[in-house]
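2 protein chains.
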Amino acid sequence: MFPSFKFFQVTTDAQILSALRSAENGGVSGADLSERLGISRAAIWARIEELRKLGYDIEASPHLGYRLVNDPDVLHADDLVARLGKAKVIGRDIRVFQETTSTNDVVEKLARDGVKEGVVVFAESQSKGRGRLGRKWISTAGKGLWFSVLLRPDLRPQEATQLTVVAATALWRAIHAETGLSAEVKWPNDILLGGKKVAGILTEMSAELDRVKHLILGIGVDVNQAASEFPPDVRKLATSLRAELGKPVLRAELATAILRELDRDYARVCGGHFSDVADEWEERCTTIGQQVTISIGERRIRGRAESLDDDGALLVRTEHGHLERIIGGDVTLEK
Amino acid sequence: MFPSFKFFQVTTDAQILSALRSAENGGVSGADLSERLGISRAAIWARIEELRKLGYDIEASPHLGYRLVNDPDVLHADDLVARLGKAKVIGRDIRVFQETTSTNDVVEKLARDGVKEGVVVFAESQSKGRGRLGRKWISTAGKGLWFSVLLRPDLRPQEATQLTVVAATALWRAIHAETGLSAEVKWPNDILLGGKKVAGILTEMSAELDRVKHLILGIGVDVNQAASEFPPDVRKLATSLRAELGKPVLRAELATAILRELDRDYARVCGGHFSDVADEWEERCTTIGQQVTISIGERRIRGRAESLDDDGALLVRTEHGHLERIIGGDVTLEK
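The structure is reproduced here in structure tokens:
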């Protein structure tokens, strides 16, 4: 069940947290844990101490044993593995950095080192987080989810938009399941709440002309920032789940919900069933049916967004009546 | 004139070789070189000794001074810089490795370190040379040109085929100018002599969905192998310039001829004049007008190759009468 790259102690944390969470009477004895994990009670105690240092509120009492009283809002690779359980591809290897330049950069290096697809890299903060077209992405330390997923799909470069659609759909579903909030999907890569951006997707790939070698889904979600934590000029355009919901969201839960949805839909795409994902996407996407202006470099295209095509490209009926196939660019909705 | 990354001694070699090649009476005195380069006669002598060790046959006589009697068939970065002269973009920074895994890999690392476009990396041999779709490319040490060029064009991923067309055209012209041989261009990335492959192009890119971040042109030319040096199973399919011409070709001259053509046509593409290059390409391309079978993974498309479109894709009129736009795949000519 646990990825083979992980060291013994690391998988132990995951097993302990799993056991504590599934304890029926609310507690597990050290003897029980010792037997189930095949390590000494002293070793169990040492790991419990380490988990406490990470912020896990674990009580120990003589008759109830160890009890997990409260979950801290931290990202701990093993906790994520424990929460996620068995993954087909996405999340079978999870790594968490306290700080990095950009999780896409970290995954790019892993990709070039030949790491298998499905690895997910989280960072508590990014010094050089970026959005599309090299734009800066602000990653407030400890307040959001900033992570990247390595994929090696058997796709041509022009089909890569399919995976941005997969990511947007997974984000919509996970946010809805964890918070009850109904987001809007704005083509191609934004998730909005009340018209403000709450999450974004940056899809980057390494490719030959007719073959994707690897693809990185970079995902950023503003989770627990207070509205006042956004810079004034960003505040009109961006929001967080906490700001919309009025209470904080446990990031580890949201993260594993997103990974689970991604894993499911990636399997659908690999199985040749992208159209199922696209159908769901079109239901969620406020771009479809709208009058839009699309900026691609200097070029402006105005028209009505009609639908997605088989590759995830947006089909726009222009003012001049013909259908344009759009694979990128800045979309402005004309409401 | 010389790229700023180069160390003093390196540019000195380029200047000495330039001076020796342009000497009107066949020689240049040490005093003259010393004055022109602004370094001592002892330093000039030391560099001449180093050049001799690399194989340059440089004679010294009291009244004629230094004379370059014979050029060795080696790749020396400074000699390439000296031969190439002023480059707009491609070749303003040239690096030569004796051995590497793959020059595309070296350039990929440079790209990620933020190196400017135009850098060219040569290797005398590659331990992991590769062709399209991860296929192995044999790089016989010292017998061919194996090099990669870093570009950062303002193109969308689906336009990247343009640069494969540029590379094929440049290869055709340089081979013709240096050897008199008229090659065939086989879409998308092969150069043939008498139906056998003599050179190939591997275009790799790093991209967002709608923007190429950087693109690497990997070029391999079989130059001075004897036919017997190819493995028996390769011999039917591949040849070298020497095998076709009956005499060896000085690789440094061919290399700089290719870089000069590439530099010129890259400027044409960046200036929005790809169609000029495409016109020339269509003249050279034996694929146009032929019955072809194209294999893309499991799929087979049969038809007549009609022309290139604006992005360098091949337009094929299928058996069923409709026009397919092909951006990659294996092409078999049905003669």
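In order, the protein sequence lines correspond to chains A and B.
Each residue of the first sequence is one higher than the one before, starting from 2 at the first, in the numbering used here.
Each residue of the second sequence is one higher than the one before, starting from 2 at the first, in the numbering used here.
Idealized CB from N, CA, C, for every residue including glycine.
Just so it is clear, the structure is predicted and the values come from calculations on it, not from any experiment.
Give the range of the alpha helix (DSSP H) segment to which residue i is assigned.
| i | result |
| --- | --- |
| A:F98 | Segment 94–101 is the beta strand (DSSP E) holding A:F98; no alpha helix (DSSP H) there. |
| A:L153 | At residue 153 of chain A the sequence reads Arg, which differs from the Leu that was named. Premise fails: A:R153 is in no alpha helix (DSSP H) and is neither H nor E. |
| B:D211 | Run containing B:D211: none; DSSP gives neither H nor E here. |
| B:L18 | 9–23 |
| A:A258 | 252–271 |
| A:V293 | No alpha helix (DSSP H) contains A:V293, which is instead part of the beta strand (DSSP E) from 292–297. |
| B:P233 | 233–236 |
| A:L85 | 78–85 |
Grouping DSSP H, G and I as helix and E and B as strand, with all else coil, what is residue i?
| i | result |
| --- | --- |
| A:N71 | strand |
| B:T333 | strand |
| B:R37 | helix |
| B:S30 | coil |
| A:T204 | strand |
| B:K117 | coil |
| A:V317 | strand |
| B:W1 | Since the displayed chain B opens at 2 and closes at 336, residue 1 of chain B lies outside it and no answer follows. |
| B:L324 | strand |
| B:E179 | helix |
| B:K144 | coil |
| B:S5 | Caution is warranted here: a pLDDT of 37 is assigned to B:S5, below 50, making its placement in the model unreliable, and no coordinate value can be reported. |
| B:Q349 | Since the first and last residues shown for chain B are 2 and 336, residue 349 of chain B lies out of range. |
| B:S241 | coil |
| B:I45 | helix |
| B:T227 | Note that residue 227 of chain B is Ala in the sequence shown here, rather than Thr. In this structure, B:A227 counts as coil in the three-state DSSP scheme. |
| B:K337 | Only positions 2 to 336 of chain B appear in the structure, and residue 337 of chain B is not among them; the question remains open. |
| B:V90 | coil |
| A:K110 | helix |
| B:L52 | helix |
| B:L172 | helix |
| A:L65 | coil |
Nearest by alpha-carbon distance to residue i: which of the options is it?
| i | options | result |
| --- | --- | --- |
| A:V166 | A:L251, A:D211, A:E283 | A:E283 |
| B:G195 | B:W188, B:R269, B:L238, B:G330 | B:L238 |
| A:L334 | A:I327, A:R113, A:D310, A:G304 | A:G304 |
| B:L315 | B:V186, B:R269, B:L242, B:E25 | B:V186 |
| A:G115 | A:A88, A:G329, A:H215, A:C271 | A:H215 |
| A:S30 | A:P189, A:E60, A:D14, A:T287 | A:E60 |
| B:E245 | B:V82, B:K198, B:E25 | B:K198 |
| B:I139 | B:T12, B:G272, B:V222, B:E254 | B:V222 |
| B:D94 | B:D106, B:L81, B:T101, B:N105 | B:L81 |
| A:V278 | A:T170, A:Q292, A:A258 | A:T170 |
| A:R269 | A:V332, A:V90, A:R157 | A:V90 |
| A:S149 | A:K110, A:E160, A:S276 | A:K110 |
| A:A47 | A:D14, A:L242, A:Q292, A:W147 | A:D14 |
| A:V332 | B:D211, B:T101, B:R113 | B:D211 |
| B:S342 | B:R261, B:E299, B:S35, B:T319 | Lying before the first or after the last residue shown, residue 342 of chain B is absent from chain B, which here runs from 2 to 336. |
| A:H321 | A:R37, A:D311, A:I302, A:D312 | A:I302 |
| B:N71 | B:T101, B:S35, B:R22 | B:R22 |
| B:I49 | B:E36, B:Q291, B:L69 | B:L69 |
| A:A142 | A:G132, A:G181, A:N225, A:S207 | A:N225 |
| A:L152 | A:D310, A:D264, A:G27, A:H323 | A:D264 |
| B:D191 | B:I220, B:G181, B:V108, B:V213 | B:I220 |
Give the C-beta separation of residue i and residue j to the nearest angstrom, bearing in mind that I take them to be a contact with Cβ-Cβ under 8 Å.
| i | j | result |
| --- | --- | --- |
| B:E209 | A:T204 | 7 Å |
| B:Q99 | B:E118 | Actually they are not in contact, since the Cβ atoms of B:Q99 and B:E118 sit about 25 Å apart, beyond 8 Å. |
| A:G145 | A:S103 | Not confirmed; about 14 Å, so no contact. |
| A:G66 | A:D33 | 7 Å |
| B:V75 | B:G92 | Between B:G92 and B:V75 the Cβ distance is about 18 Å, and since that is not below 8 Å, they are no contact. |
| A:I327 | A:I289 | In fact, because the Cβ distance is near 12 Å, the residues do not count as touching under 8 Å. |
| B:A178 | B:A258 | 6 Å |
Please report the residue range of the beta strand (DSSP E) in which residue i lies.
| i | result |
| --- | --- |
| A:E60 | 58–62 |
| B:D277 | Note, B:D277: premise wrong, no beta strand (DSSP E); alpha helix (DSSP H) at 275–285. |
| B:A306 | 300–309 |
| B:L194 | 191–194 |
| B:K187 | 185–187 |
Between residue i and the ligand COA, is there a pair consisting of the residue's CB and a ligand heavy atom that are separated by less than 7 Å?
| i | result |
| --- | --- |
| B:Q291 | Ligands are entirely absent from the displayed structure, and the ligand COA is therefore not among its contents. |
Practice prompt. Taking only beta carbons into account, state which residues of the region 222–249 of chain B come closer than 9 Å to chain A, listed in chain order.
Written response: Per Cβ criterion, the list is empty.
Fill in: Where the region 147–164 of chain A meets chain B: residues whose CB sits under 8 Å from a CB there
So the close ones are D155, R157, P158, Q159, A161, T162.
Practice prompt. Identify each residue in the region 298–318 of chain A for which the Cβ-Cβ distance to at least one residue of chain B is less than 8 Å, and report them in chain order.
Written response: Hits within the stretch, in order: G298.
Worksheet item: Can you list, in chain order, the residues of the region 191–206 of chain A whose Cβ is nearer than 8 Å to any Cβ on chain B?
Response: Closer than 8 Å at the C-beta level to chain B, one finds these residues of the region 191–206 of chain A: L203, T204, E205, M206.
Discussion item. Can you pull out the residues from the region 118–147 of chain B whose beta carbon lies closer than 7 Å to at least one beta carbon of chain A?
Written reply: Within the region 118–147 of chain B, contact with chain A at the beta-carbon level (separation under 7 Å) is assigned to R133, L134.
Fill in: Contact set between the region 253–274 of chain A and chain B, restricted to residues whose Cβ is under 7 Å from the partner
If the cut-off is 7 Å between Cβ atoms, the region 253–274 of chain A has nothing near chain B.
Discussion item. Which residues of the region 163–179 of chain B have a Cβ closer than 8 Å to any Cβ of chain D? Give them in chain order.
Written reply: As a matter of chain content, chain D is missing from the structure shown, whose protein chains are A and B.
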